[in-house]
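Student: Sharing a structure, written as structure tokens. Questions coming.
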Amino acid sequence: MSNRVELRFSGTGGQGLITAGIIFAEAAINAGKNAVQSQSYGPEARGGASKAEVIISDGEIDYPKVTKADLLLAMSEEAYNKYKGDLKKGGILVMDSSLINKEPDIDAKVYKIPITKLAQEEVGKTIVANIVALGAITAITKLVPKEIIEEAVFNRFPKAKELNKKALNIGFEAVSRCKEC
Amino acid sequence: MSEKKPILMQGNEACAKGALAAGVRFFAGYPITPSSEIAEILSEELPKVGGRFIQMEDEIASMAAVIGASLTGSKAMTATSGPGMSLKSENLGYASMAEVPCVIVDVQRVGPSTGGPTAPSQGDIMQARWGTHGDHPIIALAPNSVKETYEVTIKAFNLSERFRTPVILLLDEVIGHMREKVVLPDQESIEIINRKKPTVPPEEYFPYEPDEDGVPKMASYGEGYRFHVTGLTHDKTGFPNLSPGNTDYVIRRLHEKIEKNIDEILMVEEYFMDDAELAVFAYGSPSRSSLSAVRKAREEGIKVGLIRPITIWPFPAETVKKAAQKVSKIIVPEMNLGQLLGEVERYAKSDAEVIGLNRVDGELITPQEVVDKIKEVL
Numbered sequence: 438m439s440n441r442v443e444l445r446f447s448g449t450g451g452q453g454l455i456t457a458g459i460i461f462a463e464a465a466i467n468a469g470k471n472a473v474q475s476q477s478y479g480p481e482a483r484g485g486a487s488k489a490e491v492i493i494s495d496g497e498i499d500y501p502k503v504t505k506a507d508l509l510l511a512m513s514e515e516a517y518n519k520y521k522g523d524l525k526k527g528g529i530l531v532m533d534s535s536l537i538n539k540e541p542d543i544d545a546k547v548y549k550i551p552i553t554k555l556a557q558e559e560v561g562k563t564i565v566a567n568i569v570a571l572g573a574i575t576a577i578t579k580l581v582p583k584e585i586i587e588e589a590v591f592n593r594f595p596k597a598k599e600l601n602k603k604a605l606n607i608g609f610e611a612v613s614r615c616k617e618c
Numbered sequence: 008m009s010e011k012k013p014i015l016m017q018g019n020e021a022c023a024k025g026a027l028a029a030g031v032r033f034f035a036g037y038p039i040t041p042s043s044e045i046a047e048i049l050s051e052e053l054p055k056v057g058g059r060f061i062q063m064e065d066e067i068a069s070m071a072a073v074i075g076a077s078l079t080g081s082k083a084m085t086a087t088s089g090p091g092m093s094l095k096s097e098n099l100g101y102a103s104m105a106e107v108p109c110v111i112v113d114v115q116r117v118g119p120s121t122g123g124p125t126a127p128s129q130g131d132i133m134q135a136r137w138g139t140h141g142d143h144p145i146i147a148l149a150p151n152s153v154k155e156t157y158e159v160t161i162k163a164f165n166l167s168e169r170f171r172t173p174v175i176l177l178l179d180e181v182i183g184h185m186r187e188k189v190v191l192p193d194q195e196s197i198e199i200i201n202r203k204k205p206t207v208p209p210e211e212y213f214p215y216e217p218d219e220d221g222v223p224k225m226a227s228y229g230e231g232y233r234f235h236v237t238g239l240t241h242d243k244t245g246f247p248n249l250s251p252g253n254t255d256y257v258i259r260r261l262h263e264k265i266e267k268n269i270d271e272i273l274m275v276e277e278y279f280m281d282d283a284e285l286a287v288f289a290y291g292s293p294s295r296s297s298l299s300a301v302r303k304a305r306e307e308g309i310k311v312g313l314i315r316p317i318t319i320w321p322f323p324a325e326t327v328k329k330a331a332q333k334v335s336k337i338i339v340p341e342m343n344l345g346q347l348l349g350e351v352e353r354y355a356k357s358d359a360e361v362i363g364l365n366r367v368d369g370e371l372i373t374p375q376e377v378v379d380k381i382k383e384v385l
């Protein structure tokens with residue numbers, strides 16, 4: 438149980454958070470680990486709160502949901518407020534600083550990354566914000582090697598390899614640029 | 008045998024793949040969250056194997072189409088959630104009376120009515136048992152993982168074919184939508200059961216004359232065997248016969264073909280029950296939380312075990328009776344306000360106290376809640 442890692446990706450419906458969760462879980466399995474992905478979302482196709490959860494472990498995973506998250510990705514202020522209390526003390530908080538105008542007020546290792554802005558301005562498409570986030574999370578957690586997450590992204594979007602490769606890299610680089618951010 | 012690569016698969020996807028492995032060739036349905044992926048996948052896959060997918064105008068018609076397809080010899084299924092299950096219940100009774108094999112998947116969400124389309128629940132446990140009218144038997148199965156959903160879907164088809172009866176597969180939103188690591192078995196290693204076909208010529212065939220095991224042989228429409236199918240009480244010819252003697256015989260036979268073969272139907276897993284002084288009885292997704300809780304409690308030296316029925320109906324009465332003689336208390340975590348709890352009480356009698364742990368807020372019961380309950384009742 439000690440090697441169980443719990444990740445929660447939260448934001449608004451339509452941001453691709455569930456897709457990001459699926460890709461991350463798939464990559465974890467391809468990296469030889471066990472993984473379970475689950476989600477909760479409203480009945481709307483877009484808008485409304487949305488979250489995806491990924492549990493990664495070397496052993497069996499009984500309870501498939503997050504109890505205390507090791508990592509929280511917050512891509513809306515509403516999601517941040519709703520889930521900040523479930524992050525472990527000293528856990529990892531990844532905030533989309535282009536969408537959340539707020540200073541983090543919890544005990545966490547904070548990565549403020551303008552995820553959506555980077556997707557828009559450096560990749561050219563807001564739609565890849567989830568992939569930028571995945572790049573950042575891969576770089577921060579080192580749970581799966583970069584080439585395996587890349588393969589999982591390509592597998593999901595075989596027709597948009599270049600775009601997604603760029604998005605992943607930008608997420609990766611954003612972390613190295615952001616030692617104290 | 009080649010080493011297969013583990014893949015990430017969704018519960019609903021595993022259900023569709025399991026159905027295909029079991030030989031499903033017909034699906035009629037009306038999409039509804041959280042079951043829609045089953046219809047979506049089968050709409051793509053069935054035509055590839057010579058099968059048929061039909062999106063019907065509603066759930067009543069889909070169930071009727073499933074029964075019709077099965078009578079022609081196709082393994083047939085439908086998938087829905089609570090509100091659709093209410094409508095399917097109408098013709099479910101017909102399938103039971105006319106002894107038409109078919110599989111009905113209910114991926115449970117919060118109800119009643121449209122309730123919470125994307126939130127899990129176990130509110131349809133009693134609906135599965137008594138949703139349709141009349142004094143009928145039913146088989147209902149509730150897996151708790153993606154891999155088990157694949158296996159139990161195959162089992163559902165096998166049981167429906169074996170006993171000429173509708174089988175309900177009860178998933179919940181957590182199991183249906185969750186994605187997990189699975190390694191699927193080779194097709195050759197899967198046991199497939201097909202309905203018994205007549206060996207006599209058409210003129211000597213009686214469609215409702217049971218064999219020793221209580222199950223009649225089933226001819227397919229279109230193969231030269233002409234027979235009458237009705238929801239009315241009928242005799243071995245298939246034509247209505249409402250005499251008290253025949254009515255009594257038919258209703259009892261429908262029940263007995265299930266009860267007498269219960270060993271083939273019951274699937275129950277037990278964990279840490281050998282020296283248990285306290286038991287948790289859980290099925291579907293809360294059984295995962297419960298197993299985690301029981302492990303945690305064991306680490307603290309609490310002698311608690313888990314009983315996990317996969318077969319919900321017929322109810323594993325003997326398992327509960329036996330357990331109740333060993334343990335002083337049985338905790339029943341459910342995502343309803345105590346549906347299967349009543350059955351556990353019925354068979355535990357005064358041997359063990361039965362205590363519910365219930366959530367109806369559309370969230371899965373957590374391991375901590377089960378641990379707390381275990382400590383509270385100790």
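First to last, the sequence lines map onto chains A and B.
Under our numbering, think of the first position of the first sequence as 438, with each following residue one higher.
Under our numbering, think of the first position of the second sequence as 8, with each following residue one higher.
All residues carry an ideal CB built from backbone N, CA and C; glycine is no exception.
1) What number of angstroms, rounded off, separates the C-alpha of asparagine 365 of chain B from the C-alpha of glycine 118 of chain B?
2) Aspartate 368 of chain B to glycine 345 of chain B, Cα distance in whole Å?
3) Three-state secondary structure (DSSP) at lysine 598 of chain A?
4) Between tyrosine 517 of chain A and chain B, is there a C-beta pair that is closer than 8 angstroms?
5) When the distance is taken between beta carbons, is leucine 530 of chain A closer than 8 angstroms to serine 513 of chain A?
6) Over the uninterrupted alpha helix (DSSP H) stretch that includes valine 153 of chain B, give me the two end residues.
7) Quick one: list the residues of chain B neighbouring tyrosine 520 of chain A, beta-carbon separation under 8 angstroms, in chain order.
8) Going along the chain, which residues of its own chain have a beta-carbon closer than 8 angstroms to the beta-carbon of glutamate 497 of chain A, five neighbours each way excluded?
9) In terms of residues, what are the limits of the beta strand (DSSP E) holding valine 117 of chain B?
10) Starting from methionine 92 of chain B, trace the alpha helix (DSSP H) in both directions and tell me its first and last residue.
11) Is it right to say aspartate 282 of chain B is buried, meaning 16 or more other beta carbons lie within 10 angstroms of its own, or is it exposed?
12) So, with DSSP's three-state summary, where would you put aspartate 533 of chain A?
13) Under 8 angstroms Cβ-Cβ, which residues of chain B neighbour aspartate 499 of chain A?
14) Can you name, in chain order, every residue of its own chain whose Cβ lies under 8 angstroms from the Cβ of isoleucine 74 of chain B, other than the five neighbours on each side?
15) Taking a cut of 7 angstroms between CB atoms, which residues from the region 117-133 of chain B lie near chain A?
16) Just curious, the beta strand (DSSP E) that methionine 70 of chain B is in, first and last residue?
17) At which residues does the beta strand (DSSP E) containing alanine 472 of chain A begin and terminate?
18) If you draw a straight line from the C-alpha of glutamate 350 of chain B to the C-alpha of serine 357 of chain B, how long is it?
19) What does methionine 185 of chain B reach in chain A if we use C-beta pairs closer than 8 angstroms?
20) Quick one: residues in its chain with C-beta nearer than 7 angstroms to the C-beta of glutamate 20 of chain B, no 5 flanking neighbours on either side, listed in chain order?
21) Just to make sure I have the definition right: I need the residues of chain B whose C-beta is within less than 9 angstroms of the C-beta of tyrosine 478 of chain A. Which are they?
22) Where DSSP assigns a beta bridge to aspartate 179 of chain B, which residues make up the other side?
23) What are the start and end residues of each continuous alpha helix (DSSP H) run of 4 or more residues lying completely inside the region 227-292 of chain B, in chain order?
24) Please tell me whether valine 159 of chain B has its Cβ less than 8 angstroms away from any Cβ of chain A.
25) Determine the contact status of lysine 336 of chain B and valine 377 of chain B, defining contact as a CB-CB distance below 8 angstroms.
26) Around the C-beta of histidine 143 of chain B, are 16 or more other C-beta atoms found within 10 angstroms, so that it is buried, or is it exposed?
27) Please say whether glutamine 476 of chain A and glutamate 489 of chain A have beta carbons closer to each other than 8 angstroms?
28) Could you run through the region 160-194 of chain B and flag, in chain order, every residue whose CB is less than 8 angstroms away from some CB of chain A?
29) Could you confirm whether any beta carbon from chain B is found closer than 8 angstroms to the beta carbon of isoleucine 466 of chain A?
30) Examine chain B for any beta-carbon lying closer than 8 angstroms to the beta-carbon of glutamate 463 of chain A, and answer yes or no.
31) Identify the residues that DSSP records as bridge partners of tyrosine 548 of chain A: which are they?
32) Have a look at the DSSP bridge pairing and note the partners of isoleucine 492 of chain A.
33) Using Cβ-Cβ distances below 8 angstroms, what residues of the region 344-374 of chain B are close to chain A?
34) Beta strand (DSSP E) containing glycine 363 of chain B: first to last residue?
35) Distance, Cα to Cα, glycine 18 of chain B vs valine 612 of chain A?
36) Rounded to whole angstroms, what's the CA-CA distance from isoleucine 607 of chain A to threonine 139 of chain B? Just pull it up for me.
Tutor: Looking at the atomic coordinates:
1) 15 angstroms
2) 14 angstroms
3) helix
4) no
5) no
6) 153-170
7) Per Cβ cutoff of 8 angstroms: no residues; tyrosine 520 of chain A is ~14 angstroms from chain B at best.
8) Asn471
9) Segment 109-117, the beta strand (DSSP E) holding valine 117 of chain B.
10) Per DSSP, the continuous alpha helix (DSSP H) segment holding methionine 92 of chain B begins and ends at 89-105.
11) exposed
12) strand
13) Arg295, Ser296, Leu298, Ser299, Arg302, Pro374
14) Ala83, Asn98, Tyr101, Ala102, Ala105, Val107, Cys109
15) Pro124, Thr125
16) Looking at the DSSP string, methionine 70 of chain B is not in any beta strand (DSSP E); the run it does join, the alpha helix (DSSP H), is 66-78.
17) For alanine 472 of chain A, the enclosing beta strand (DSSP E) begins and ends at 471-478.
18) 13 angstroms
19) Val473, Gln474, Ser475, Pro501
20) Once the five neighbours on either side are set aside, the close Cβ partners of glutamate 20 of chain B are Glu44, Ile48.
21) Thr125
22) DSSP lists B:Gln115 as partners of aspartate 179 of chain B.
23) 251-266, 269-272
24) no
25) No, these two residues do not count as a Cβ contact at 8 angstroms.
26) buried
27) Checking the sequence, you will find alanine at residue 489 of chain A rather than glutamate. Contact flag set, yes.
28) Val181, His184, Met185, Arg186, Glu187, Lys188
29) So yes, isoleucine 466 of chain A belongs to the interface.
30) yes
31) A:Val531
32) A:Glu443, A:Val473
33) Leu371, Thr373, Pro374
34) Residues 360-365.
35) Looking at the two C-alpha atoms, the distance is approximately 34 angstroms.
36) 57 angstroms
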